[in-house]
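K.L.:
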Amino acid sequence: MTVTSDAPADTAMMRIVHNALRRDLERARGSLAAPERADATQRRAIGAHLTWMMSFLRAHHESEDRGLYPLVRARVGDAADARAVLDRMEREHEAIAPAVAAVETAAVALVADPGDAVTQSALDALETLAASLLPHLREEEDDAMPIAARSITA
Numbered sequence: 688m689t690v691t692s693d694a695p696a697d698t699a700m701m702r703i704v705h706n707a708l709r710r711d712l713e714r715a716r717g718s719l720a721a722p723e724r725a726d727a728t729q730r731r732a733i734g735a736h737l738t739w740m741m742s743f744l745r746a747h748h749e750s751e752d753r754g755l756y757p758l759v760r761a762r763v764g765d766a767a768d769a770r771a772v773l774d775r776m777e778r779e780h781e782a783i784a785p786a787v788a789a790v791e792t793a794a795v796a797l798v799a800d801p802g803d804a805v806t807q808s809a810l811d812a813l814e815t816l817a818a819s820l821l822p823h824l825r826e827e828e829d830d831a832m833p834i835a836a837r838s839i840t841a
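Per the numbering used here, the sequence shown starts with residue 688, numbered consecutively.
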């Protein structure tokens with residue numbers, strides 16, 4: 688296999704990571720929404736996993752904002768359309784951050800107390816996060832990753 692320096696970067700891993708986030712968020716929401724599917728031990732495990740996921744998501748967005756997007760900005764120069772997409776991604780990261788923090792808080796509470804009220808709070812936090820995160824992931828894949836692929840070569 689020959690790799691040329693001007694070949695577009697492969698951004699498939701971004702979709703893989705996003706799909707894993709989508710999958711785990713949907714599984715957590717589904718399990719917490721159906722009390723018969725998750726006993727106290729399982730709810731605690733879901734809370735622990737959500738805590739890890741939010742830490743991962745925060746690091747994922749930070750790596751884009753501090754590493755990927757500045758590199759892409761440097762490569763696209765004055766291309767206004769590309770810069771507008773990157774600006775939007777960063778604004779969305781900022782808008783999503785409070786929902787991530789709310790899920791973190793709810794997940795920690797769920798580990799400590801897997802009762803119905805706390806479970807509902809976690810579910811509510813997940814619903815709020817999904818409302819902003821899921822469209823963002825799709826936009827990032829559809830709009831930002833093609834720009835990154837064209838700007839960063841193999």
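For each residue, glycine too, the CB sits at the ideal point set by N, CA and C.
Among the residues of its own chain, which have a CB less than 7 Å from the CB of residue 646, if the five just before and after it don't count?
P.N.:
With the chain running from 688 to 841 in the structure shown, residue 646 is simply not present.
K.L.:
Give me the Cα-Cα distance between residue 789 and residue 805, rounded to the nearest whole angstrom.
P.N.:
For the purposes of this step, residue 789 is taken as residue 102 along the sequence shown, with counting starting at 1. For the purposes of this step, residue 805 is taken as residue 118 along the sequence shown, with counting starting at 1. If you take the alpha carbons of residue 789 and residue 805, they lie about 13 Å apart.
K.L.:
Report all residues from its chain with a CB closer than 6 Å to the CB of residue 815; omit the five preceding and five following residues, and keep chain order.
P.N.:
Here residue 815 corresponds to residue number 128 of the sequence shown, with the count starting at 1. For residue 815, where only same-chain residues beyond five positions count, the Cβ hits under 6 Å are 786.
K.L.:
How many whole angstroms separate the CB atoms of residue 769 and residue 763, which I take to be in contact at a CB cut-off of 8 Å?
P.N.:
In the sequence shown, the residue the question calls residue 769 occupies position 82. In the sequence shown, the residue the question calls residue 763 occupies position 76. Right, the Cβ-Cβ distance comes to about 4 Å (below 8 Å), so this counts as a contact.
K.L.:
Does the separation of the CB atoms of residue 796 and residue 734 fall below 9 Å?
P.N.:
Start at 1 with the first residue of the sequence shown, and residue 796 comes out as number 109. Start at 1 with the first residue of the sequence shown, and residue 734 comes out as number 47. Between residue 796 and residue 734, the CB-CB gap stays under 9 Å.
K.L.:
So, is residue 831 buried or exposed, given that buried needs 16 or more other C-beta atoms within 10 angstroms?
P.N.:
To locate residue 831, count along the sequence shown from 1; it is residue 144. Buried.
K.L.:
For residue 801, name the three-state secondary structure that DSSP assigns.
P.N.:
Locating residue 801 in the sequence shown gives position 114, counting from the first residue. In the structure shown, residue 801 sits in coil (DSSP, three-state: anything other than H, G, I, E or B).
K.L.:
Check whether the Cβ of residue 744 lies closer than 9 Å to any Cβ atom in chain B.
P.N.:
No chain B appears in this structure, which consists of one protein chain only.
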